[in-house]
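Numbering (our numbering), first residue to last: 168 to 1102.
Single-structure report; data block below.
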């Protein structure tokens, strides 16, 4: 160790304080300190030029510089040197005390070197009875013996709580934590009533698990046993936070302990849980439902202190950390739409030790902590640490010392707590609530317990951890441990405990019997208050026409307003020209894709809806088409035109480089804000690959599993442009495979006006469904991809666009297609003046407007062939889906040959493929046309 490393800003305060005391009352100091400061004054008076000169440094600060000089040259008394060694020891406890705690309830901790032995700090046993002024550094009232100092340090840093906070660079935060820990030697100060209350919650947690174990033998429940102190922890966190101003809590957790949390925190009746164990059907057939340990809940509760709090447990799949992103999105939506204050909403995320260390989304979500578009005012993270992941030992589950080392990325404090010491758990939880309320940052609580059984109750853990489970089998549960503590303290009696346990068992027995009377299980709507104006979806509604028009004069006024830059701000010339071009386009009544999109947002804003857009580079747009945020040339001041068209909120945020985390966040945001058009845009459509779990587990399935509506819009740039495999396909085929029971809309609009109506329809429906749009790249600037204002003003979204030039009697070949390929086919049709082929666009792929398709077929009854054309390989794109839905027709396909890759890497091969498709449609053998690399 560097023996002078302790002379930092924190310890220099002690020297400065002592020097100020010396200046006022010299004789109040110990002789060694008095002599040291006399030497400093003498040096300052006679050799001032040797002391670093700095006009901004005060005399008390100069004394620290002097101390460093004296130490470096060895010109300092032994007593003073010892004082500094004690300071170094204090620093050692702060830095590394967490490595030497009593935080593991069932086995000894690993051994770390160097230890905190006093010999490692230049001190000896002879110093134990000497008094040191350094005691004031740890909150003691005055000088104390080294033995007393060590005792206090052991209690603060090495007992049932190990605290990591020295990685934090913010001095104010660090000082706050230090002072918080020093109060009552980092131990909970609880009244007798509070202790009984904690015991009661612990009893509920333990007795509930024991009851399930005896009544539903071998059934999966993902027991909390070994970490039951989570129940009083959550209870105390909600209570403490409500006192600090929190009005709503959003909790996300995986399956471990979820049933216990549902009953003992969220108040779900025991009989409902017991009924779900019987595996009964749900009352509504349309819902397939989910396993009992994935379900969510929302409830208003009154805490022990009388505060009312809304609490929400977010539904989650088996993908352990996925729900964390949704929790953050839900909380941000509630802040934006309801509370306008981050202190009012508390996100809590409960992790497993293996998941928090191993899942990449943890990092993606952690990085949101201070980002403007994603921050939530700090999250309390609680790790239910079993010391084993399914069958994997913790040494095989991570390279870091702790599973919570992600906290160091955001300079968040961590408390590692022995889950058997419930009072320490409560104390740590109160710290988390206080720190989060004060600084608006994440806090991590590592609840170190164990898992009494295997990963599930039918699993045998002795296969893989025989020694650990020998220890666990003999270990008393936290209730028994705390019961003995309170009996010794005279707070409860053995008789009182037996009465408490018997009373609770009687309640469980009554609910167990009542559960048998339930014929079918019910499912409540998650966050029902937020969705009270949106009835459950009735089948067929998605295919009904919705008026999405807007007055043409108002449209033009909006278009001009949002395309006019303020004259008092100077922008780069390219931006000025771009906005001038938009004004010219409006004047010539020829609006492109960007203007169509902007008008959808602007009109919705004027109608009282909010709009949120998020994703990588969305402010400008990947293809430099949107420019929703422009910056002044000199100061980079941001100007957002769409914030000046109405009082409604328009937010657009460039996200960090994350798909999984950000899509999850935005899905959560939409889950809590049905009045906001919430849009996530991928930089390229195939980037959604990285967020497939959100698509599979939430976007397409949440309504069937959990009765949840969601109106999230996904914009996925899609189309073969000669850019290779990774920037060509949004994997349309995957989304179409996932379509069922009218669970979402999948569209590939080809005109700005139809896109405008599609976006507006999202907010005009009295229900919410996800919308997945294959958005264009090269078409953003295609001369034919424009619409007049009249097309925006009149009508509605058209799921099928017929060929406007076709004469039905002449049509021999009816071509169905979707997206960009239409314009390439159209160019060839016009080149050849072909009137025997009709090009019909399927703008909405799901749900298919079969009645409109039947009308098209009837119109072109003279056709000799029916063709589906796509530019994606035959095994991708929409072909399989189209064939499945039109299986009773003689439809054939024209597409590139099946491939494992969505598009070729060679531009020449791309041209060859596109040319082959078009030639085959028109029965030609023309040479490939030169196509520039676009998008």
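Just so it is clear, CB atoms sit at the ideal spot from N, CA and C, and this is done for glycine as well.
Proximal residues to residue i (C-beta, below 6 Å), its chain only, five neighbours per side dropped
i           : result
residue 300 : 310
residue 176 : The pLDDT assigned to residue 176 is 47, lower than 50, so where the model puts this residue is not dependable, and the model offers no usable value.
residue 329 : 265, 268, 270, 583
residue 750 : 730
residue 659 : 653
residue 609 : 536, 545, 546, 577, 579
Residue i in three-state terms, based on DSSP
i            : result
residue 259  : helix
residue 1047 : helix
residue 175  : For residue 175, the predicted model reports a pLDDT of 49, less than 50, meaning its position is unreliable; a value from the coordinates is still stated below. It is coil, neither helix nor strand.
residue 950  : coil
residue 519  : strand
residue 1104 : The requested residue 1104 is not part of the displayed model; the chain covers only 168 to 1102.
residue 798  : strand
residue 820  : strand
residue 989  : helix
residue 527  : coil
residue 198  : helix
residue 539  : coil
residue 358  : coil
residue 411  : coil
residue 781  : strand
residue 391  : coil
residue 205  : helix
residue 403  : helix
residue 805  : strand
residue 865  : helix
residue 168  : Unreliable positioning characterises residue 168 in this predicted model, as indicated by a pLDDT of 35, which lies under 50. A coordinate reading is not provided.
residue 914  : strand
residue 548  : strand
residue 494  : helix
Cutoff 8 Å: residue i Cβ touching any chain B Cβ
i           : result
residue 879 : No chain B is part of this structure, which consists of one protein chain only.
In DSSP terms, what residue i is bridged to
i            : result
residue 465  : 479
residue 664  : Partner(s): none; residue 664 has no beta bridge.
residue 188  : Its beta-bridge partners do not exist; DSSP assigns none.
residue 725  : For residue 725, which the question treats as bridged, DSSP gives no partner whatsoever.
residue 1005 : 981
residue 151  : An answer regarding residue 151 cannot be provided, because it is not within the stretch 168 to 1102 covered by the chain.
residue 1032 : 980
residue 843  : 777
residue 581  : 331, 611
For residue j and residue i, believed in contact at Cβ under 8 Å, the rounded distance
i            : j            : result
residue 1045 : residue 1012 : 6 Å
residue 470  : residue 409  : 5 Å
residue 422  : residue 485  : 7 Å
residue 599  : residue 612  : 6 Å
residue 728  : residue 448  : Rounded, the Cβ-Cβ distance is 55 Å, inconsistent with contact.
residue 848  : residue 785  : 5 Å
residue 978  : residue 1005 : 4 Å
residue 945  : residue 886  : 7 Å
residue 555  : residue 415  : Their Cβ separation, rounded to whole angstroms, is 34 Å, which puts residue 555 and residue 415 out of contact at 8 Å.
residue 823  : residue 538  : 6 Å
Residues near residue i in its chain [Cβ-Cβ closer than 7 Å; skip 5 each side]
i            : result
residue 319  : 305, 307, 352
residue 1000 : none
residue 953  : 757, 758, 759, 919
residue 332  : 341, 344, 580
residue 362  : 653, 658
residue 250  : 299, 300, 301
Sequence-distant residues of the same chain with beta carbon closer than 8 Å to residue i, five excluded per side
i           : result
residue 976 : 1029
residue 222 : Caution is warranted here: a pLDDT of 47 is assigned to residue 222, below 50, making its placement in the model unreliable, and the coordinate value is therefore given only provisionally. Excluding sequence neighbours, residue 222 sits near nothing in its chain.
residue 550 : 517, 518, 519, 520, 523, 570, 571, 611, 612, 613, 614
residue 736 : 799, 804, 806
residue 762 : 726, 730, 749, 752, 753, 919
Fully enclosed by the region 631-715, which alpha helix (DSSP H) runs are 4 residues long or longer?
Listed in chain order, they are 633-640, 645-655, 661-682.
Mind pulling the beta strand (DSSP E) runs of 3 or more residues that sit fully within the region 918-952?
938-942
Complete runs of the alpha helix (DSSP H) confined to the region 285-358 [at least 4 residues]
313-324, 338-349
Which runs of the beta strand (DSSP E) fall wholly inside the region 878-903 and span at least 3 residues, in chain order?
880-884
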